[in-house]
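Under our numbering, the sequence shown has 53 at position 53, and the numbering climbs by one with no breaks.
We put the beta carbon where it would ideally sit given N, CA and C, even for glycine.
Here is the structure we will look at, set down as structure tokens.
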Amino acid sequence: QRKLRCEGLFSEELLHYLSLEFIPNLFTNDHLIQLLQYLFIIAPVKKSSAPIRYFLPSALPPLHLSEEEKRELTQTCEPLVLLFKNKMIPQGLFLALAVALMGKENAPKMFLDSSVQQLRYAIHLDCDDMNGSVVLVDSYDWLELYYTGLPGNHCRKLLQ
């Protein structure tokens, strides 16, 4: 449970521990996992030789990046800003975007950056194909996407 609160990670073992059996033999824990993945609420975190864990970003600590951390990110690049005409982000879009990027089948592949504390409003994803990482930031009125690798043709890849 500590991993869930601090890192947003859980395994199927947690569902068994909670005794979540919805409709025996009709709707199992596996069905629940599949449904949560389909709705972009969780993403699998695959590590070799370890059981599959799932990333639930809504369970992360409800914290934002500090102004100093944002300044550090803008030293290497300006963010791609996703802004809506009504200046409101649809509820859940930020977290769903992070989960969708982790579940992409085509390049660039993205996965959780385990060297950084993940926050509910700032999620760091490694991009092994691009030798860098992407930082998604929810700034209330818009979303910001930072690329922290070397400059080059990678921005075009990210937009795809």
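| Check | Outcome |
| --- | --- |
| Distance CB(L143)-CB(V134) smaller than 7 Å | no |
| Sheet register partners of H16 (DSSP bridge) | In the DSSP output, where bridge partners are listed per residue, H16 has none listed. |
| Alpha carbon of L119 to alpha carbon of L14, nearest angstrom | 21 Å |
| Beta-ladder partner(s) of R5, from DSSP | According to DSSP, R5 bridges with nothing at all. |
| Rounded straight-line distance, which links the Cα of K85 to that of I123 | 24 Å |
| Buried versus exposed call for D128 [16 or more other C-beta atoms within 10 Å across all chains shown] | exposed |
| Contacting residues, own chain, Cβ-Cβ under 7 Å from T76 (five flanking each side not counted) | T148 |
| Boundaries of the beta strand (DSSP E) in which H124 is found, first to last residue | A122 to C127 |
| Classification of E105 by the beta-carbon crowding that lies within 10 angstroms, buried from 16 upward | exposed |
| Segment limits, beta strand (DSSP E) that includes L39 | It is not in any beta strand (DSSP E) - L39 carries neither H nor E in the DSSP assignment. |
| Residues near A98 in its chain [Cβ-Cβ closer than 6 Å; skip 5 each side] | P57, I123 and L136 |
| Own chain residues within Cβ distance below 7 Å of A100, not counting five before or after | F40 |
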